[in-house]
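In this text, residue positions in the sequence shown follow my numbering: the first is 102, and each later residue adds one.
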Amino acid sequence: MAVPIQQMIRVGAYVIKQHLMGVKRYPLVLMLEPLFRCNLACAGCGKIDYPDAILNKRLSVAECLAAVDECGAPVVAIAGGEPLLHKELPQIVDGIIARKKFVYLCTNALLLDKRIGQFRPHPRFSWDVHLDGDREMHDHAVCQDGVYDRAVAVIRKAKACGFRLSINCTLFDGAQPERVARFFDDVMAMGVDGVMLSPGYAYERAPDQQHFLNRRKAKGLFRDIFRLGQGRGWRFTQSPLFMDFLAGNQSYRCTPWGKPTRNVFGWQRPCYLLGEGYAGTFKELMEETDWDRYGTGHYEKCADCMVHSGYEATAVMDSVRHPLKAISAAVRGPRTEGPIAPEIPLDRQRPAEYAFSRQVEDALARSDGLRSGLPGGSVRPPRATDYLSSPGAEHLQQSANMAERNS
Ligand code: SF4
Numbered sequence: 102m103a104v105p106i107q108q109m110i111r112v113g114a115y116v117i118k119q120h121l122m123g124v125k126r127y128p129l130v131l132m133l134e135p136l137f138r139c140n141l142a143c144a145g146c147g148k149i150d151y152p153d154a155i156l157n158k159r160l161s162v163a164e165c166l167a168a169v170d171e172c173g174a175p176v177v178a179i180a181g182g183e184p185l186l187h188k189e190l191p192q193i194v195d196g197i198i199a200r201k202k203f204v205y206l207c208t209n210a211l212l213l214d215k216r217i218g219q220f221r222p223h224p225r226f227s228w229d230v231h232l233d234g235d236r237e238m239h240d241h242a243v244c245q246d247g248v249y250d251r252a253v254a255v256i257r258k259a260k261a262c263g264f265r266l267s268i269n270c271t272l273f274d275g276a277q278p279e280r281v282a283r284f285f286d287d288v289m290a291m292g293v294d295g296v297m298l299s300p301g302y303a304y305e306r307a308p309d310q311q312h313f314l315n316r317r318k319a320k321g322l323f324r325d326i327f328r329l330g331q332g333r334g335w336r337f338t339q340s341p342l343f344m345d346f347l348a349g350n351q352s353y354r355c356t357p358w359g360k361p362t363r364n365v366f367g368w369q370r371p372c373y374l375l376g377e378g379y380a381g382t383f384k385e386l387m388e389e390t391d392w393d394r395y396g397t398g399h400y401e402k403c404a405d406c407m408v409h410s411g412y413e414a415t416a417v418m419d420s421v422r423h424p425l426k427a428i429s430a431a432v433r434g435p436r437t438e439g440p441i442a443p444e445i446p447l448d449r450q451r452p453a454e455y456a457f458s459r460q461v462e463d464a465l466a467r468s469d470g471l472r473s474g475l476p477g478g479s480v481r482p483p484r485a486t487d488y489l490s491s492p493g494a495e496h497l498q499q500s501a502n503m504a505e506r507n508s
């Protein structure tokens, strides 16, 4: 199964308990980003465009485990940056497993062969390997040749070692349904446990701003893919109602607190995708964030978002409230014909605000590394505007190259 039965039972029981206790907002998955540094510089990534003083920061083992305890979510996804660049990652994973949580360790797999011996298979542990399509699609998405082949080789090795492993596949405008379908056939043949599928989020700091899917195109693409997938036995790690949402059959609003994010800045507001501010504690994040300011229809930056980190929690909560609807979606699969569910109107959304420069300035002001942050090795104290003229593709690539050399 794409998701272990033990995990389904644990998460289902957790959700029902929250409902019975009348908890209005609760987390399902903690998104833990122990570092932003990466050894790739993907065109669609908006997570790593920071000066070195910030990229060099790490959450300690104690900080990571404190976040797990503070949040209380039954599942922890470790993301980044590239988590395998964090030297103490095995201790972090062991600590989370010891807390009876389910751990998904996201990786681009470039360091997996080197570090796989530091981890052990466990029913509550899964690798989550980034693969955005077949060889040509993926190497194009990550802006580097050979990454797909390295990832596939180590996927086979990890499965042979007995690890659970899923694929994290993000699709962009221009994806061809037939190729995506063949890619899903290929990864199923590799023996992966499941695929986590999502359209890319239009990160404002991503170098490539041309290939993000809008909602209309995304729904059409996913319908085409799911139509081709009928009877092919693909396994997805997301709930059937989320897949139905991707195919345009559910009018969901996002649940940003369902996957709260802890990174080197603190607890990120409002969600994994958008960094509009930071809270010092999880309690402060949940209680003091003005959630009504965010989401599709409320905020311009949310207009085209259909990402699992915002909507999977909505689908899971809907499944618990309407189990027959969820069972029906599971049995029939995502509906690929018929009318698209009504879209959320955008005419009252508030305009985008741009907080990146202030956050970088604040972080640099708190940092000891003021003199190490500039691209090109300048020694004057960096200004946030050094990173603002355009998403810094060149700086990102230099930074990724340095991470690869140092790993
Ligand atoms: S729609 Fe929701 S999940 Fe998506 S970016 Fe906006 S707040 Fe985050």
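For every residue, glycine included, the Cβ atom is placed at its ideal position computed from N, Cα and C.
Not one heavy atom of the ligand SF4 lies closer than 7 Å to the C-beta of S352. Around the CB of Y302, 16 or more other CB atoms lie within 10 Å, so the residue is classed as buried. For H231, the uninterrupted beta strand (DSSP E) segment begins and ends at 226-231.
A Cβ-Cβ distance of about 42 Å is found for the pair P224 and L465, leaving them out of contact under the 8 Å criterion. Between D325 and M418, the alpha-carbon positions lie close to 26 Å from each other. A straight-line Cα-Cα distance of about 25 Å links C207 and P278. Of all alpha-carbon atoms in Q331, Q311, Q339, the one lying nearest the alpha-carbon of C270 is that of Q339. A distance below 7 Å between beta-carbons, with the five flanking residues on each side excluded, links R126 to the following residues of its chain, in chain order: W358, M387.
Relative to the Cα of A380, the nearest Cα in the group K318, V365, D393 belongs to V365. Proximity of the region 190-202 to the region 137-157 falls short of the contact definition, fewer than three beta-carbon pairs being nearer than 8 Å.
At a threshold of 7 Å, C403 counts as near the ligand SF4, since its beta carbon sits closer than that to one of the ligand's heavy atoms.
If you look at Q192, you'll find it in the alpha helix (DSSP H) that goes 190-199.
Assigned with DSSP and collapsed to three states, M122 falls in coil, not helix or strand.
L212 places its beta carbon less than 8 Å from that of L185. Per the coordinates, the alpha-carbon of R159 lies some 34 Å from the alpha-carbon of R451. Judged by DSSP secondary structure, P371 falls within the beta strand (DSSP E) whose first and last residues are 367-371.
Exclusion of C244 from the 7 Å shell around the ligand SF4 follows from its C-beta lying no nearer than that to any non-hydrogen atom of the ligand.
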